[in-house]
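What follows is a set of notes on a single structure, which appears directly below.
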Amino acid sequence: MSKENIKGFNLNNNLCLIQLWITFIVTSSIQFASCELIIVQTALGNISGSIEEVTSYNDTGNPSVMFFAQYLGIPYAEPPIRFRRPEPKTPWAGEYNGTYYRPACYHQGDPARVGTFHVKTAMMSEDCLTLDIYAPNSSIVNQSSLPVLVFLYSSPGYSSAFAADVLCTVGDVVVVVINFRQGMLGFFSLGSEAASGNYGLFDQQMALQWIAKYIHSFGGDPKKVTLVGHSFGASNAIYHTLYPGNRGLIHRVVALSGTALLPSGGKSYVRNSIETGVLEEIGCQRASDADIMSCLRGKSLTDILNALDKKSFTFGPSVDGTFLRSDPEVMMTDLAKDDNSTEELEFLNVDLMLGLNNMEGGAHVALLYAERLNTTYNEFNVSRADIRNIVVPIAIKRTFGSNISQAITQTVNFQYNDVTGTDDPQRLRQRVVDLFTDIDVAAPLVRTGNVHALLGQGSTYLYQFSEPLNLTQAPVWLLGANRADDVHFLFGFSERGLQYVNHVTGFTPTVKQRALSTRLIKMIAKFARTGNPNPLSAAGDPQWPEYDSTSTTYLDISAAHVTPKHHFREPFMTFWTSVVPELLTATSQNATSPLVCPKEIGHTIKVNLVSAENIIIALSIVSFCLLCACVLLVCLSVAREPTLYSNSKYAVMKTPNLSETPSISGPSDS
């Protein structure tokens, strides 16, 4: 490689960074090496990166060594002011060193309790608005303009845990991983101008603006930007398509295990008010919003984080009138009105791929409920009574709120509990996993896909990933793909990234798993190029049909098969998208709470057991009273007969002899 062959790049063939070589000596088991320093010229200033090599695998699992360029810790904004929106990065003098990762953004909470992607503790700072860029060799040698994948991780997380060396080389795409503010620092809101919230979303949006301006210098095509989000990051990705300020910045979205919606009638992800308890805990209760913010900015970060660790506080996007003008539920409803003046039309213009794992609720549920159910994480013994009395009520309360009809809880229990009477532990565990997979992930994805497929101009695709990884955090009884398993496959089991994740200690992918990883990467890379993942990479692979709301077509992906299927997770999806909404409407209109027994999906029998019981009791009492009244009247009649008729000539009547001819003469005058 020479300078003449690389337009727009300055390459130092002799310089190898001492810092990187030290890293390689310390982590000698990792199969990568630093080769050369590379300089990129941008309007902001020069940025140095490094050419690296990585071992990747083809569709059959055979290895090969490939080269890529990485540019790490590049600032896309000025150091942020606490609880304020970011400001664009201004040009710098000299050369920015992009050869090592910068600190992660602060976040609170114990990652071990998340149970899906347990990242190691990293160096953190409030000055954290940076991004990492990974570009394949073709972007340098061939001066290509490649599709760009922008990854938004779930929270808590940070960019270095998602090294995209394998993803960029196998997919032949440029990958950008963003650091953004999370938790309270990213989403605290007072609902006023003093603290409008959504700072983390505006961080991401600032990064998208940076990408639109400068990614061409790194071999990326700013007109082919695909936003890829996982879990919380996936819901953020959908929010971005609803923000008019992003028009033209995003062309496709891949939402993995998350979206902006909940099951119909569920509580919103977005918040309209702040928990005052957090201000009490930090010691910043003040009369005015301005004084509150002055207090919060004056507190040390240690004080804030210590206060947050004492209690469970959750922070997320809020309706600020700017980024989110209203609840996504309302905005999606506006889209369904087919109103061309709707500002959120960008959601309908992008191509959309939705994905999930077939047992999303696995480790997550076991971590949350094992202690409450008086069992262990790996045993997770649950009874039908546990499902009826503990699991279902909690799931319903956190999804729909506390003021929910008992009939809905009973109906969900009927749908997911084992009413046949079996006490098989594995079967009951599977019912619990299905419940949380459906209510947390599958049903919201289907709702999102239905709106996009019915009204959108872009393509819509859905996949279900079914290949288990059995990492160290997965319970032994979990037989399918856990939440975030597909993310490991998407990033190709990057050894750079896995060193930052706790639950993969000692894990080595099999040949089949590496081959499947390559296939998944190529599917998503093709989608990023054209909005169509077809043709699939392996010989003999079927066509991946687009999703539609009628047949709910999806692609089931595992090492054993890649198969198109219809009627995604039925009958449960119809239950959540049709039966439950109708029941919510019925119970909101009726003070009584009808119980729905969905013997057949689409046909409901509404029986108000309480009212029926009361009616039966009332009728029984009335009937008894009427019977008593009749008996009393008869008795009175019999008692009065001698007095009434004793002096009458009709008092004694002869019983006629049926053998004689009856007389037709009237009574005698005598």
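Sequential numbering from 1 applies to the sequence shown in full-length UniProt numbering.
Using N, Cα and C, we set each Cβ at its ideal position, and we do this for glycine too.
Pick from the options that is closest to residue i, judged by C-alpha positions
i, options, result
"Gly49", "Thr42, Tyr100, Ser326", "Tyr100"
"Ser537", "Thr530, Ala525, Ala234", "Ala525"
"Leu478", "Trp92, Asn46, Pro222, Tyr377", "Tyr377"
"Phe527", "Arg252, Leu208, Pro80, Ser494", "Arg252"
"Pro425", "Asp386, Thr333, Gly458", "Asp386"
"Cys295", "Leu279, Asp320, Asn450, Leu308", "Leu279"
"Gln152", "Pro136, Leu201, Asn137", "Correcting the residue identity first, residue 152 is Leu in this sequence and not Gln. Comparing Cα positions, the closest option is Leu201."
"Leu242", "Asn349, Leu37, Thr55, Cys105", "Asn349"
"Thr55", "Thr169, Gly45, Gly98", "Thr169"
"Asp203", "Asn246, Asp438, Thr550, Leu356", "Asn246"
"Pro86", "Thr399, Gly219, Leu208", "Leu208"
"Leu454", "Ile178, Asp132, Met332", "Met332"
"Ser440", "Thr577, Gly258, Pro535, Val487", "Correcting the residue type first, residue 440 is Asp in the shown sequence and not Ser. Comparing Cα-Cα distances from Asp440 to each of Thr577, Gly258, Pro535, Val487, the minimum goes to Gly258."
"Tyr76", "Phe180, Ala93, Ser139, Glu495", "Phe180"
"Trp92", "Ala43, Ile211, Ser125", "Ala43"
"Tyr269", "Thr460, Leu498, Gly401, Ala163", "Gly401"
"Thr508", "Arg519, Ser494, His566", "Ser494"
"Thr585", "Gly94, Phe465, Val511, Gly266", "Gly266"
"Val511", "Tyr369, Glu281, Pro63, Ile39", "Pro63"
"Val173", "Met523, Trp544, Ala336, Thr375", "Met523"
"Thr60", "Ser588, Val254, Ala560", "Ala560"
Own chain partners of residue i with C-beta closer than 7 Å, once the 5 adjacent residues on each side are dropped
i, result
"Asp289", "Leu190, Ser192, Ala194, Ala195"
"Thr409", "Val392, Pro393, Ile396"
"Met293", "Phe83, Ala194, Ala195"
"Leu373", "Val382, Asp386, Ile390"
"Thr577", "Ser264, Ala443, Val446, Arg447"
"Leu72", "Gly98, Thr99, Tyr100, Tyr101, Asp132"
"Gly421", "none"
"Arg569", "Asp438, Ala442"
Cutoff 6 Å; reference residue i; Cβ partners in own chain excluding five residues on either side
i, result
"Val141", "none"
"Asp110", "The pLDDT assigned to Asp110 is 47, lower than 50, so where the model puts this residue is not dependable; a value taken from the coordinates is nonetheless given after this. Counting only Cβ-Cβ distances below 6 Å, and skipping sequence neighbours, we find nothing."
"Ile25", "The predicted position of Ile25 is uncertain, since its pLDDT is 32 and thus under 50; no value can be drawn from it."
"Gly183", "His107, Gln108, Phe315"
"Tyr416", "Arg431, Leu435"
"Phe313", "Val278"
"Ala122", "Ala104, Tyr158"
"Asp541", "Val562"
"Ala307", "Glu281, Ile282"
Beta-ladder partner(s) of residue i, from DSSP
i, result
"Lys310", "Lys310 is not bridged to any residue."
"Asp351", "Arg252"
"Gly45", "Thr42"
"Phe151", "Val177, Val228"
"Gln143", "The partner list for Gln143 (beta bridge, DSSP) is empty, contrary to what the question assumes."
"Phe465", "Asn357, Ile557"
"Leu131", "Ile74, Ile178"
"Pro444", "Note: Pro444 sits in no beta bridge, so no partner."
"Cys105", "Ser125"
"Lys565", "Tyr554"
"Gly401", "According to DSSP, Gly401 bridges with nothing at all."
"Asn97", "Ser48"
"Ala195", "Ser192"
"Leu64", "First, the amino acid is wrong: residue 64 is Ser here, not Leu. Answer is Ser56."
"Arg271", "Ser318"
"Thr460", "Leu352"
Residue j beta carbon less than 9 Å from that of residue i
i, j, result
"Ala260", "Ser235", "yes"
"Ile557", "Tyr463", "yes"
"Gly233", "Arg271", "no"
"Arg483", "Glu329", "no"
"Cys284", "Leu185", "no"
"Pro156", "Cys128", "no"
"Leu469", "Leu167", "no"
"Val228", "Leu249", "no"
"Gln143", "Gly219", "yes"
"Tyr134", "Val176", "yes"
"Ser549", "Asn403", "no"
"Tyr461", "Leu352", "yes"
"Ile178", "Glu95", "no"
"Phe347", "His452", "yes"
"Asp423", "Arg388", "no"
CB contact below 9 Å: residue i versus chain C
i, result
"Asp291", "No chain C appears in this structure, which consists of one protein chain only."
Residue i Cβ short of 8 Å to the ligand COA heavy atom set
i, result
"Asn236", "Ligands displayed in this structure: none; no statement on the ligand COA is therefore possible."
Cut-off 8 Å between Cβ atoms - residues of its own chain near residue i, not counting five sequence neighbours on either side
i, result
"Leu619", "For Leu619, the predicted structure reports a pLDDT of 48, less than 50, and the residue's modelled location is therefore unreliable. A value from the coordinates is still provided. Around Leu619: no qualifying Cβ."
Subject >> Inter-stretch contact (C-beta, 8 Å, three-pair minimum) for the region 416-433 and the region 356-367 >> reply: Judged by Cβ distances under 8 Å, the region 416-433 makes contact with the region 356-367, as three or more pairs qualify.
Original post:
Touch check for the region 142-149 and the region 212-224: three-plus C-beta pairs under 8 Å?
Top reply: Yes: at least three Cβ pairs fall under 8 Å.
**OP:** Evaluate the contact criterion for the region 320-327 versus the region 442-454: three or more CB pairs, one atom per stretch, below 8 Å.
**Re:** These segments do not touch.
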